[in-house]
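Going by my numbering, 1404 is the number at position 646 of the sequence shown; the sequence numbering is gapless.
The block underneath contains the structure these notes are about, expressed in structure tokens.
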Amino acid sequence: MRNLTFLKIIFVLVFVGWIMVWILLPTKVYKNTWNPKLENKLNSAYFREQGTNLLLFTFPVVFMGALGCVYLHLRLQKPENLSSKSGGTANRRLSFLRRPFVVMSPIGILTSMELVFALMFAALLIWSLSNYLHISFGHLHMHMEGEKVWQAKLRSVSLRAGYIGNICWAFLFFPVTRASSILPLFGLTSESSIKYHIWLGRVSMVLFAVHTIGFFIYWGITDQMKEALEWSKTYVSNVAGIIASVIALAMWVPSFPKFRRKMFEVFFYSHHLYTLYILFYGIHVGVEYMCMIAPGIFLFLVDRHLRFLQSRQNAPLLSARILPCAALELNFAKTPSLYYNPTSIVYINVPKISKLQWHPFTVISSCNMEKDILSVAIKTEGSWTNKLYQQLSSSALDHLNVSVEGPYGPSTSHFLRHDELVLVSGGSGITPFISIIRELIFQNQQESHVPRVLLVCSFKNSVDLTMLDLMLSVSGSKTQISNLQLQIEAYVTREKEEPQDSEKLIQTKWFKPALSDTPISVVLGPNNWLCLASIISSSFLMFLLLLGIITRFYIYPIENNSGEVYHWTFKVLWFLFLLFAVVCICSSAVFLWWKKQNTFESKQVMNVEVPTPTRSPGSWIYGSERELESLPHQSLVQATNVHFGVRPDLKKILFDCKGKDIGVLVCGPRNMRHEVARICSSGLADNLHFESISFAW
């Protein structure tokens, strides 16, 4: 425990120091005092103009990434006790920071803590811009004869808007690093942080638009339009900047919600232009400014390459439950050592449908209860999922190649420490709660204290009630659901009475895994933090070594002998090439070593047979009069109340909960999430602790 506290203190100190550098960067103190002294000491023949920024901006983040891995590894060694109340009091004291403070479209749900951080970041941007302009306007530089003061100020504002956009880019890649070792230390996951990526992207796009348009206006009014076509050998390349702006626009437009929902493929493929954007952006700003945004890109590249290596393997699909509500449960083989928490997700690729598309789906299995199986729930709501449903419904299919990436999710199950849980879902939003209930079933069987659970779920049609059957595993695991304090209030909104048609059975199909299939195994990162720490550390050290060698023994002699500055573009290309190369080399080496270590465990898993049930479960929804085939199904029926033709009165349901510590989780349509958030933030019930789960960006 002391080691964890010590590491966290170091992390906080380094993080605060890094932020302080950003705060001081636009000031006269930094420009006139700090920077000259640091350049004299750090800008050696080995790193030249990159030395200062490598130390102040790149190194702290890389250090935090490696230190975070060590911290998370040590925390995993300390067993998590769900019944422990040691942290409950502290959590309740800080619960006001997690309460919804702003609930509105298009911002969504903002907690008090998120609002504080957003205001602090906005203050950093305003502070930086005001200081840059104050210093610039105080020593206004005329770039051509006859230039007017307002024209010079226009140029200065346009240039400084680009500087501020660079600050946004320094943070842009952290939220999309799925196996991040930094986000968990702030209680975040990549999935819950996507909105920050969206906000940063939009703010930076506006700032870069001001930067680009401002310079075009400046060039136009000063008769310097030829500057737009300049590709300088010694300074900023304007052509590269314009190309980067066009690429950014091509990524930005399809990212708007309405466009993205209607044409997801266009959004998906256009966003992969980020590689070209980084290239031309780097050429435009140069290596000094690349060092400022490089740490986020570096950690993202490590994560992205590891995900690429994992995704090259096919996962063995053992079975599929095909529900009459056009939903699926896919069951994959996994290694027993693979650990994940409830509400985790995986990304799935089916080459037969699309070789490039990866889609996120919720993991509904419990890694504690189902040691060898990972289950995923999929609701058909688009062209890709409809094609998958048709493929699996085909009677002739006995094998399907599927690649799986993940799982990714929260590093702890903190919400399970509440005295009571109220789970509010709409439609397919029930899937993350299935994983919570399965985990609670396991914990209950271990005689651990688990919270009471009230599940309030809304469906459009009665056939969707079959989603509730996914609470019971198809793997044959013993599930004693009767001892769990579970109450289910199910609402069917588009039907006023129970249908009288014949019951619709859930089909279960079994597949033959190929010999080349590899069980889903420990991902480097969330399940093996020390390996990720070794990759981050070795990659960065190798990068510094190679960059120093090339700068000292290749670039420096050219500049020293010829007296000319080495080509601006080539410096950036060397920087980016080395960054990418060291990540690929170190990540691949550690991944291959890890794969070799796990070969024996994978072979053992592939020899395990999953028992086939004698009849298809889940038909209790329509056949309530028949004798139920198992005690778990009986318990599930007894715990469920179905209401037809009405919507849940969420305010009444939540205010009727009288427990002292009630965790309220909601997953579903935006209006539902916002309604629950407003109720919890109304101040009329201090015992309600809100948490939203949303995978709809």
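C-beta: ideal position from N, C-alpha, C; glycine also.
C-beta atoms of residue i and residue j nearer than 7 angstroms
i: Asp1177; j: Asp1419; result: yes
i: Leu1179; j: Val1211; result: yes
i: Val1424; j: Leu1446; result: no
i: Arg936; j: Tyr1166; result: yes
i: Ser1393; j: Ile1192; result: no
i: Tyr1035; j: Ala998; result: no
i: Leu1076; j: Ala1091; result: yes
i: Ile1122; j: Val1162; result: no
i: Glu1197; j: Ser1124; result: yes
i: Phe931; j: Ile1055; result: yes
i: Glu807; j: Asn801; result: yes
i: Pro1094; j: Lys1145; result: no
i: Phe1038; j: Ile1001; result: yes
i: Ser1231; j: Pro1257; result: no
i: Glu1205; j: Phe1402; result: no
i: Thr791; j: Asn889; result: no
i: Ile1264; j: Leu1081; result: yes
i: Phe1200; j: Asn1089; result: no
i: Pro1168; j: Thr947; result: yes
i: Cys926; j: Val961; result: yes
i: Ala919; j: Leu965; result: yes
i: Ser990; j: Met1009; result: no
i: Ala910; j: Leu891; result: no
i: Cys827; j: Ser938; result: no
i: Leu943; j: Trp1287; result: no
Buried/exposed call for residue i, threshold 16 Cβ in 10 Å
i: Val1323; result: exposed
i: Leu1303; result: exposed
i: Lys1354; result: exposed
i: Leu1226; result: buried
i: Thr970; result: buried
i: Ala880; result: exposed
i: Ala1154; result: exposed
i: Gln835; result: exposed
i: Pro1406; result: buried
i: Ser1320; result: exposed
Residues near residue i by beta carbon distance below 8 angstroms, same chain, minus five either side
i: Ala1272; result: Asn1072, Pro1074, His1157, Asn1159
i: Val774; result: none
i: Met1021; result: Pro1012
i: Val860; result: Ile867, Leu868, Leu873
i: Arg856; result: Thr869, Ser870, Met871, His1447, Phe1448, Glu1449
i: Asn924; result: Val1043, Tyr1047, Met1050, Ile1051
i: Leu1067; result: Ser1345, Ser1346, Phe1349
i: Cys1458; result: Look at the range of the chain in this structure, 759 to 1455, and you will see that residue 1458 is not part of it.
Nearest-angstrom Cβ-Cβ length linking residue i and residue j, presumed shorter than 8 angstroms
i: Ile1103; j: Glu1247; result: Not quite, the Cβ-Cβ distance comes to about 26 angstroms (not below 8 angstroms), so this is no contact.
i: Phe1217; j: Val1182; result: Not really, about 13 angstroms apart at Cβ, beyond 8 angstroms.
i: Gly866; j: Gly1187; result: Actually they do not touch by this definition, with Cβ atoms about 15 angstroms apart.
i: Leu1412; j: Glu1433; result: About 10 angstroms separates the two Cβ atoms, so there is no contact after all.
i: Thr1101; j: Ala1135; result: With 8 angstroms as the limit, Thr1101 and Ala1135 do not qualify as a contact, their Cβ atoms being about 12 angstroms apart.
i: Thr1138; j: Ala1078; result: Thr1138 to Ala1078, Cβ: 13 angstroms. No contact.
i: Val1045; j: Phe1338; result: Not a contact, Cβ separation roughly 15 angstroms.
i: Leu1086; j: Ile1278; result: Leu1086 to Ile1278, Cβ: 17 angstroms. No contact.
i: Phe815; j: Val770; result: Wrong, their Cβ atoms sit about 18 angstroms apart, outside the cutoff.
Sequence-distant residues of its chain with Cβ nearer than 7 angstroms to residue i (five each side left out)
i: Trp1142; result: Ile1111, Ser1112, Gln1115, His1117
i: Pro1004; result: The amino acid occupying residue 1004 in the given sequence is Val; Pro does not appear at that position. So the list is empty, once near-sequence residues are dropped.
i: Ser1295; result: Ala824
i: Tyr804; result: Gly1306, Thr1309, Arg1310
i: Phe1119; result: Ile1103, Val1104, Ile1106, Val1134, Ala1135, Ile1136
i: Thr1327; result: Ser995, Ile1041
i: Lys843; result: Note that Lys843 has pLDDT 47, beneath the 50 cutoff, so the model's placement of it is unreliable and no number is given.
i: Ser951; result: Pro933, Leu941
i: Leu796; result: Thr810
Proximal residues to residue i (C-beta, below 6 angstroms), its chain only, five neighbours per side dropped
i: Phe973; result: Ser916
i: Gly1441; result: none
i: Trp776; result: Pro818
i: Leu1244; result: Val1211, Ala1397
i: Asn1356; result: Ser1279
i: Ser914; result: Ser894
i: Lys1416; result: none
**Report entry** 4-residue-minimum alpha helix (DSSP H) runs that sit fully inside the stretch 883-971, ordered along the chain
**Finding:** DSSP runs (the alpha helix (DSSP H)) wholly in the stretch 883-971: 907-930.
**Report entry** Every unbroken beta strand (DSSP E) inside the stretch 1133-1197 [3 residues or more]
**Finding:** If we require 3 residues or more, the beta strand (DSSP E) runs fully inside the stretch 1133-1197 come out as 1161-1166, 1178-1184.
Requested in this report: Enumerate, from N- to C-terminal direction, the unbroken alpha helix (DSSP H) stretches of 4 or more residues contained entirely within the stretch 1255-1316.
Outcome: Secondary structure remark: continuous alpha helix (DSSP H) runs of at least 4 residues inside the stretch 1255-1316, in chain order: 1287-1308.
Requested in this report: Any chance you could list the beta strand (DSSP E) runs of at least 3 consecutive residues sitting entirely within the stretch 805-829, in chain order?
Outcome: Correct list: empty.
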